[in-house]
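Scroll down for the structure; my scribbles are underneath it.
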Amino acid sequence: MRVTESERAFLHELNAIKKSPLGKRLIHFCVSMAPPARDVARKVESAKHFIKKSFARSPYCEVFTANNYDLFVAYSHITVSEVLAVCNRVEKLFCDEPVTARNPYNEYSFYKVADAVKELDLVFAAFKGILGQKQEIPSGPVKRPMGPEHLSLLSEKLRTTDLRHCIFNQPVYFIGNKVPSIEFLEFYIASKQIESVFLPEVSLSGSPWLFHALSEDYDRATLRALVKEIAEYRHKAFSVNVSLSTILSKEFADFYERLPTKLAGKIVLEIHKTDLVQHFSLYRDVQGLVREKGLRLCVDGLEWRDFSLLNFRHLNPDFIKVIWHNELLSAPHEDLAVLVRGKSGLGEGCELVLSRCDSPKAFPFARTLGVKYVQGRLADQYFKTGMEL
0 MRVTESERAF LHELNAIKKS PLGKRLIHFC VSMAPPARDV ARKVESAKHF
50 IKKSFARSPY CEVFTANNYD LFVAYSHITV SEVLAVCNRV EKLFCDEPVT
100 ARNPYNEYSF YKVADAVKEL DLVFAAFKGI LGQKQEIPSG PVKRPMGPEH
150 LSLLSEKLRT TDLRHCIFNQ PVYFIGNKVP SIEFLEFYIA SKQIESVFLP
200 EVSLSGSPWL FHALSEDYDR ATLRALVKEI AEYRHKAFSV NVSLSTILSK
250 EFADFYERLP TKLAGKIVLE IHKTDLVQHF SLYRDVQGLV REKGLRLCVD
300 GLEWRDFSLL NFRHLNPDFI KVIWHNELLS APHEDLAVLV RGKSGLGEGC
350 ELVLSRCDSP KAFPFARTLG VKYVQGRLAD QYFKTGMEL
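Positions 0 to 388 (numbering that gives the first Met the number 0) are the ones given, in order, by the sequence shown.
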């Protein structure tokens with residue numbers, strides 16, 4: 000089968016992404032799975048226009064069409080909630096009813112949102128299949144996305160089960176000295192572990208909007224597990240990811256009261272930027288509680304370009320986490336100035352943490368920028384082996 004211009008362009012794009020995958024994601028809209036329609040070409044053009052308009056603020060967004068009308072989108076720096084809203088709108092354009100057949104990823108879904116770091120090969124295999132070549136179907140059992148019927152079961156399990164076996168941690172390292180040290184441990188409950196224990200036949204990530212409905216139960220389960228687990232550790236400080244509403248809840252008050260006295264003032268509360276923006280009205284009350292208890296605040300999940308939109312000086316957090324991307328190494332001077340100004344504009348006593356550091360080039364970049372704190376899998380490996388960060 001002859002390769003079209005758009006298909007050839009997408010092949011080139013896949014090769015470019017393979018060389019620099021960090022921070023990039025791909026969407027495959029399986030239009031070929033939709034019910035037959037005479038005006039499919041018009042709908043595809045309408046979908047492309049809608050996607051480009053919706054992702055207009057992304058610094059990187061490309062849309063490609065395959066010969067079977069499937070759409071592929073490559074993008075970065077778009078929030079999960081925005082992406083899912085666009086995906087659902089595109090699906091409704093082509094499908095009146097939910098898809099009941101498997102897509103090329105062995106999932107029952109009209110679209111696939113893929114991480115370029117972990118799932119690029121799956122997208123490439125799916126695209127090869129469209130081009131008429133041998134398609135490699137991912138091995139392993141088929142997992143349906145979680146549905147509404149699973150919410151009550153998971154909610155009950157999160158409320159009643161001791162989840163210490165699902166607790167993991169990742170350190171934040173201080174690299175301001177010649178010898179790095181652990182500044183605090185970030186604790187979290189792994190959703191994959193929750194899935195394997197309670198719903199092994201279902202994919203929680205397959206329906207993130209439904210999983211989000213469990214956020215309060217998830218937060219409170221984390222607090223209950225952490226108060227039992229944390230006393231066994233000897234590090235000087237710990238962090239936990241919780242929502243603003245959870246911090247103001249009775250469950251958090253109970254958690255704080257049950258902490259060993261030596262740990263009560265050593266907790267860092269990590270708030271995701273999306274929660275901060277959506278529920279900003281709660282922030283002042285949280286600040287008051289934090290000051291009263293002697294806790295510390297961290298705003299998590301920032302992209303380096305977010306500083307052009309958000310000013311943190313008046314929020315007075317103790318830490319800001321900015322996600323590392325390899326594109327920082329080749330960014331134009333005027334773009335990097337956004338990050339530099341953002342860092343210098345932080346309030347006194349607020350430190351920037353470079354997170355998800357999975358490239359050896361992240362650490363000299365951090366030192367050049369004057370960043371004293373890093374986090375990530377490669378940072379863990381370097382620290383454990385004694386290599387210089």
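Positions of the beta carbon are idealized from the N, C-alpha and C atoms, including for glycine.
>> Can you tell me where the alpha helix (DSSP H) holding K42 begins and where it ends?
In response: Its alpha helix (DSSP H) spans residues V39 to S53.
>> Determine whether the beta carbon atoms of E185 and V79 lie at a separation below 9 Å.
In response: With respect to the 9 Å criterion, E185 and V79 are not classified as neighbours on the basis of their beta carbons.
>> Just to confirm the assignment, what range does the alpha helix (DSSP H) spanning R295 have?
In response: Run containing R295: none in the alpha helix (DSSP H); it sits in the beta strand (DSSP E), R295 to L301.
> Would Q374 be called buried (16 or more neighbouring beta carbons within 10 Å of its own) or exposed?
Replying inline: By the 10 Å Cβ count, Q374 comes out buried.
>> Taking the beta strand (DSSP E) that F271 belongs to, which residues open and close that run?
In response: Residue identity differs from the one stated: residue 271 is His in this sequence, not Phe. Element bounds for H271: I266 to H271.
> In or out: I322 buried (at least 16 other Cβ within 10 Å) or exposed?
Replying inline: I322 should be labelled buried.
>> Given this structure, state the Cα-to-Cα distance separating E302 from H76, to the nearest angstrom.
In response: CA-CA distance, E302 to H76, rounds to 7 Å.
> At a cut of 8 Å, does the stretch 347-363 reach the stretch 320-334 through at least three beta carbon pairs?
Replying inline: Using a C-beta cut-off of 8 Å, the stretch 347-363 makes contact with the stretch 320-334, since at least three inter-stretch Cβ pairs fall below that distance.
>> Does P259 come out as helix, strand or coil in the three-state DSSP assignment?
In response: Coil at P259, not helix or strand.
> Per DSSP, what kind of secondary structure is P144 in: helix, strand or coil?
Replying inline: Taken through DSSP and simplified to helix, strand or coil, P144 comes out as strand.
> Given N315, which residues of its chain have a CB within under 6 Å of its CB, disregarding the five upstream and five downstream residues?
Replying inline: Around N315, the same chain offers G346 as residues with beta carbons nearer than 6 Å, after the five sequence neighbours per side are excluded.
> If you draw a straight line from the alpha carbon of F28 to that of K17, how long is it in whole angstroms?
Replying inline: A straight-line Cα-Cα distance of about 20 Å links F28 and K17.
> What separation, rounded to the nearest whole angstrom, lies between the Cα atoms of E215 and V85?
Replying inline: About 25 Å.
> Using the rule of at least 16 other Cβ atoms within 10 Å of the residue's Cβ for burial, across every protein chain shown, is K23 buried or exposed?
Replying inline: By the 10 Å Cβ count, K23 comes out buried.
>> For E135 and S242, what's the separation of their Cα atoms in angstroms?
In response: Unreliable placement is indicated for E135, whose pLDDT of 42 sits below 50; no coordinate value is reported for it.
> According to the neighbour-count rule (16 or more other Cβ atoms, all chains shown, within 10 Å of its Cβ), is H211 buried or exposed?
Replying inline: So H211 ends up on the exposed side.
> What's the C-alpha gap between P35 and L275?
Replying inline: Whole-angstrom Cα-Cα distance: 43 Å.
> Start and end of the alpha helix (DSSP H) containing V82?
Replying inline: Segment V79 to F93, the alpha helix (DSSP H) holding V82.
> How big is the Cα-Cα spacing for V289 and L222?
Replying inline: Going from the Cα of V289 to the Cα of L222 covers about 16 Å.
>> Can you confirm whether the stretch 144-161 touches the stretch 198-211 when touching is taken to mean that 3 or more C-beta pairs between the two stretches lie within less than 8 Å?
In response: Between the stretch 198-211 and the stretch 144-161, the count of C-beta pairs closer than 8 Å reaches three or more; the two stretches touch.
> When we look at the beta-carbon of I181 and count the other beta-carbons within 10 Å, is it buried (16 or more) or exposed?
Replying inline: Label assigned to I181: exposed.
> Thinking just about the alpha-carbon of each residue, which of Y381, V112 and A224 is nearest to the one in S206?
Replying inline: Answer by Cα proximity: V112.
>> Closer than 8 Å is the cut-off here; do at least three beta carbon pairs connect the stretch 165-174 with the stretch 364-380?
In response: Yes, the stretch 165-174 is in contact with the stretch 364-380.
>> For N66, tell me which candidate among V226, S238 and F9 has the shortest Cα-Cα distance.
In response: Between N66 and the set V226, S238 and F9, the nearest pair of CA atoms involves F9.
> What are the complete alpha helix (DSSP H) segments, minimum 4 residues, inside the stretch 288-345?
Replying inline: Within the stretch 288-345, the complete alpha helix (DSSP H) segments of 4 residues or longer fall at 332-343, listed in chain order.
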